[in-house]
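S.K.: Below is the structure I would like to discuss, written out as structure tokens.
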Amino acid sequence: MSAKLLVVEDDLRLATLLKQELSHDGHRVEVVYNGTDALLKADGEAFDLIVLDLNLPDMDGLEVAARLRSDSDVSILMLTARGDVSSRVEGLYAGASDYLTKPFSVQELLARIHVRLREKSKPADVLTYETLTLEPTAGHCMVGGKTLSLTSLEFRLLELFLTHKGRIFSKEDLEDRLYGAERLPGSNTVEVFVSNLRRKLATADLQGMIQTVRGMGYVVR
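In this note's numbering, each number is its position in the sequence shown, counted from 1, plus 78.
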């Protein structure tokens with residue numbers, strides 16, 4: 079299962095190793111070395127999971143996790159040299175989805191990431207927005223009790239936005255999620271699908287549901 083990951087680790091050797099191993103596992107990986115850059119990166123891009131070191135040079139990883147969790151449902155896997163129970167509990171309360179104590183095996187890290195991504199990928203029974211309800215498993219989309227006819231890609235696009243309300247998706251993010259390895263660099267396909275989806279939503283009195291964030295991408299807030 080390929081995903082977009084952010085590694086936040088101030089140890090250059092470990093950060094390099096993590097990027098290498100996670101990329102080899104099929105993920106798209108970006109690395110930052112402090113909490114400030116992590117928050118800026120996460121605010122500008124949509125990640126499926128963040129590997130976050132607890133001890134960072136500019137701020138505590140707990141603060142980073144709490145600030146990430148305040149406006150995002152991204153999975154956070156926290157790394158720390160503190161192995162006591164109270165520290166793990168503190169990390170979980172701060173917003174971490176999982177906890178791994180250093181030193182750790184790469185195999186265990188990959189396994190934990192796979193578990194978190196698999197759990198996140200499970201479709202919700204019903205996704206809603208104002209008068210709209212979308213049922214991923216059944217493949218139904220209704221607005222005010224009436225069926226909204228969508229193509230399969232439009233449906234997947236809307237499901238993605240509703241599953242991650244508040245997350246800004248760049249054109250590249252959406253291309254990766256919709257097409258994977260079959261994406262065509264430089265194509266305007268995503269813009270076309272977003273435009274078509276917006277038009278259908280507008281006819282159902284949901285104009286403005288999908289917002290454009292200049293220079294960054296699209297979001298449903």
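Even for Gly, the Cβ is constructed at its ideal location relative to N, Cα and C. Note that the structure is a prediction, hence the values are computed from the model and not measured.
Can you tell me whether H192 is helix, strand or coil according to DSSP?
M.R.: Numbered from its first residue, the sequence shown carries residue 192 at position 114. In the structure shown, H192 adopts helical secondary structure according to DSSP, grouped into three states.
S.K.: Mind checking E269: buried by the 16 CB within 10 Å criterion, or exposed?
M.R.: Residue 269 sits at position 191 when you count from the first residue of the sequence shown. By the 10 Å Cβ count, E269 comes out exposed.
S.K.: Whose CA, out of M220, K119 and H218, lies closest to the CA of K127?
M.R.: Looking up residue 127 in the sequence shown gives position 49. Before going on, a small fix: residue 127 reads as Leu here, not Lys. Considering only alpha carbons, the answer is K119.
S.K.: Report the residue ranges of all beta strand (DSSP E) runs contained in full by the segment 124 to 165; include only those spanning at least 3 residues, in chain order.
M.R.: 127 to 131 and 153 to 158
S.K.: Below 6 Å CB to CB, which residues in the same chain sit around F125 once its five sequence neighbours on both sides are set aside?
M.R.: As a first step, residue 125 must be located in the sequence shown, where it is residue number 47. Counting only Cβ-Cβ distances below 6 Å, and skipping sequence neighbours, we find K82, L84 and V152.
S.K.: Within a Cβ cutoff of 7 Å, which residues of the same chain sit near D103, ignoring the five residues on either side of it in sequence?
M.R.: By 1-based counting over the sequence shown, the position of residue 103 is 25. Cβ neighbours of D103 beyond the five flanking positions: L188.
S.K.: Provide the residue span of the beta strand (DSSP E) that contains G122, from first to last.
M.R.: On the sequence shown, residue 122 is found 44 positions in, with the first residue counted as 1. Careful: G122 lies outside any beta strand (DSSP E), inside the alpha helix (DSSP H) at G113 to G122.
S.K.: Relative to the C-alpha of G222, which residue among E99, G113 and E208 is closest?
M.R.: In the sequence shown, the residue the question calls residue 222 occupies position 144. Of E99, G113 and E208, the residue nearest in Cα terms is E208.
S.K.: Should Y296 be labelled buried (16 or more other beta-carbon atoms within 10 Å of its own) or exposed?
M.R.: As a working mapping, residue 296 is identified with position 218 in the sequence shown. Buried, by the Cβ-count rule.
S.K.: Can the beta-carbon of L132 be found closer than 8 Å to that of L92?
M.R.: The sequence position of residue 132 within the sequence shown is 54, counting from 1. The sequence position of residue 92 within the sequence shown is 14, counting from 1. Inclusion of L132 and L92 in the CB contact set at 8 Å is not warranted, their separation being larger than that value.
S.K.: Applying the criterion that 16 or more other CB atoms from any shown protein chain within 10 Å of the CB defines a buried residue, is D251 buried or exposed?
M.R.: Counting from 1 along the sequence shown, the entry for residue 251 is found at position 173. With 16 or more other Cβ atoms within 10 Å, it is buried.
S.K.: Consult DSSP for R299 and reduce its assignment to one of helix, strand or coil.
M.R.: Taking the sequence shown and counting its residues from 1, one reaches residue 299 at position 221. Three-state result, R299: coil.
S.K.: Could you check whether D88 and Y111 sit closer than 8 Å to each other, using their CB atoms as the reference points?
M.R.: For the purposes of this step, residue 111 is identified with residue 33 of the sequence shown, where counting begins at 1. For the purposes of this step, residue 88 is identified with residue 10 of the sequence shown, where counting begins at 1. The answer is yes: Cβ separation under 8 Å.
S.K.: Which residue or residues does DSSP assign as beta-bridge partners of Y207?
M.R.: As a first step, residue 207 is located in the sequence shown; it is residue number 129 there, counting from the start. In DSSP, Y207 forms a bridge with L210.
S.K.: Check whether the Cβ atoms of L134 and V86 lie closer than 8 Å to each other.
M.R.: For the purposes of this step, residue 134 is taken as the residue at position 56 of the sequence shown. For the purposes of this step, residue 86 is taken as the residue at position 8 of the sequence shown. Their beta carbons are under 8 Å apart, which means L134 touches V86 by this criterion.
S.K.: Name, in chain order, the residues that DSSP records as bridge partners for K97.
M.R.: For the purposes of this step, residue 97 is identified with residue 19 of the sequence shown, where counting begins at 1. According to DSSP, which records beta bridges pairwise, K97 is partnered with nothing at all.
S.K.: Is L240 closer than 8 Å to L275 when the C-beta atoms are compared?
M.R.: Residue 275 sits at position 197 when you count from the first residue of the sequence shown. Residue 240 sits at position 162 when you count from the first residue of the sequence shown. No, they are not a contact pair.
S.K.: How would you write the range of the alpha helix (DSSP H) that T215 sits in, first residue to last?
M.R.: Walking along the sequence shown from the start, residue 215 turns up at place 137. Per DSSP, T215 lies in no alpha helix (DSSP H) and is assigned neither H nor E.
S.K.: Would you list the residues sitting across from E108 in a DSSP beta bridge?
M.R.: Taking the first residue of the sequence shown as position 1, residue 108 is located at position 30. Answer is L84.
S.K.: F247: buried (16+ other C-beta within 10 angstroms of its C-beta) or exposed?
M.R.: As a first step, residue 247 must be located in the sequence shown, where it is residue number 169. Counting Cβ neighbours within 10 Å, F247 comes out buried, since at least 16 surround it.
S.K.: In the DSSP assignment, find the beta strand (DSSP E) that holds L240 and state where it starts and stops.
M.R.: Within the sequence shown, the letter at position 162 stands for residue 240. Careful: L240 lies outside any beta strand (DSSP E), inside the alpha helix (DSSP H) at S230 to T241.
S.K.: Go to L279, then tell me how far its alpha helix (DSSP H) extends in each direction, as first and last residue.
M.R.: Start at 1 with the first residue of the sequence shown, and residue 279 comes out as number 201. Element bounds for L279: T267 to T281.
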